[in-house]
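What follows is a short report on a single structure.
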Amino acid sequence: MLLDFALPAHDRKLIPEGRLSGPMPWVIAIILFLTLLVAASGLTLAHAAQQGGQDLARQFTVQIIVTDPFERAAKRAEVTQYLRQVDGIRSVEPLSDASVRKLIEPVLGADILDADIPVPALIDVRFVHAQAQANLRTLRASLRRIAPDVRLDPHSAWMAPFYRLMHMLLVLAGTVFLLLMAATSAVVILAVRSTLNTHRGTLEIMHLMGGTDLQAARLFQRRVALDALWGGFVGFCAAAFVMATLSDQLAAAEPSLLAGVAFPVYGWIILALIPLAVTALAMLMARFTVISALKKML
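For what it's worth, the working numbering labels the leading residue of the sequence shown as -8, then goes sequentially.
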């Protein structure tokens, strides 16, 4: 098998296995620690964006722009009553004029609001499921028969710049992840080449006794696999400790500031698979490096 590292005991003695005594496991542990943190950050961002996007896609604000306060209140009540009869709407919450003024006061300032500037009537609408554009156009047309100046504003439109930023951060996390994988491959290649030079005499004797390049490659890929597994275990434990500590800090923070920021359960499965994938990558790189180098050496 390509990734087989189960060798007889007498073959294992040909190339000593240093395990944690050498530098390679620790280098792999450090790289994997950083890789797992980057992967955890990307998974958290993706999970938060997915959950937040689905929630925002179901939320809309109905805005009624009427100057006269009595007419505005009447239109708000009429639109609210109509919306509560529409199928597919989970909740309809009209906001009072005082609540609207409190919302826009940080933007316009108390002095301007005190000048009796009319504020729009706002109604918070939550759908059961995300709505298609055709359904929204139909609903908007129905509402305009009640209040001609009505507007239907999706919450997702307000958060579009934020989700574009999250998308860029996800791309950055993926790029860093690939760079760390490339760094792992480079470390394995350098370590294997160094070990080849150290055990050059042993390899020459193996060839004189009828050994093949594949048999020599299995020796090296076994050693690299054990180093990668040890390093992966250390890196995973360190990353899990950091993530658990951060989770406790996030839980103690103000919930409204960090709503939706949580590491998904399936993320732990993905993180556990990353050290195994790195081990397989290290074994492949070791195999190809040894075979290509032996063709030039012997």
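C-beta: ideal position from N, C-alpha, C; glycine also.
Compute the distance between the beta-carbons of residue i and residue j, then report whether it is under 8 Å.
i	j	result
Gln54	Val141	yes
Gly258	Leu34	yes
Pro85	Ile114	yes
Val178	Val29	no
Leu262	Ala207	no
Ala230	Ala31	yes
Leu83	Leu134	According to the sequence displayed, residue 83 carries Val and not Leu. Cβ atoms of Val83 and Leu134: not closer than 8 Å.
Thr26	Phe168	yes
Leu238	Phe254	Going by the sequence as given, residue 238 is Ser instead of Leu. Cβ distance < 8 Å, so Ser238 and Phe254 count as in contact.
Leu180	Thr280	Here residue 180 is Ile; the residue named in the question, Leu, does not match the sequence. Yes. Within cutoff.
Ala121	Ala37	no
Ile22	Leu171	yes
Compare the C-beta of residue i against all C-beta atoms of chain C and say whether one is closer than 8 Å.
i	result
Leu130	The structure shown contains no chain C; it holds only a single protein chain.
Measuring alpha carbon to alpha carbon, tell me which of the options ends up nearest residue i.
i	options	result
Ala182	Phe211, Arg92 and Arg128	Phe211
Ile80	Val167, Pro139, Val119 and Arg131	Val119
Arg92	Pro266, Pro111, Leu262 and Tyr154	Pro111
Ala174	Met276, Arg63, Thr58 and Phe51	Met276
Val77	Ile282, His146 and Asn126	Asn126
Tyr154	Ile95, Pro16 and Gln42	Gln42
Leu16	Ala271, Ala216, Gln72 and Ala132	Checking the sequence shown, residue 16 turns out to be Pro, not Leu. Checked all of Ala271, Ala216, Gln72 and Ala132; the closest Cα to Pro16 is Ala216.
Leu143	Gly222, Ala271 and Ile56	Ile56
Would you decide whether residue i is buried or exposed? Buried here means 16 or more other CB atoms lie within 10 Å of its CB.
i	result
Ile260	exposed
Arg67	buried
Ala20	buried
Leu187	buried
Val256	exposed
Thr166	exposed
Pro145	buried
Ala89	exposed
Ala39	buried
Rounded to the nearest angstrom, what separates residue i and residue j at their Cα positions?
i	j	result
Phe24	Ile265	11 Å
Val162	Glu62	50 Å
Ala273	Leu130	58 Å
Leu220	Gln50	47 Å
Val269	Gly226	12 Å
Ala64	Met159	43 Å
Phe232	Gln124	45 Å
Pro60	Ala138	14 Å
Completely contained alpha helix (DSSP H) runs for the stretch 105 to 162, where each covers 4 or more residues: The stretch 105 to 162 contains these whole alpha helix (DSSP H) runs: 124 to 137 and 146 to 149.
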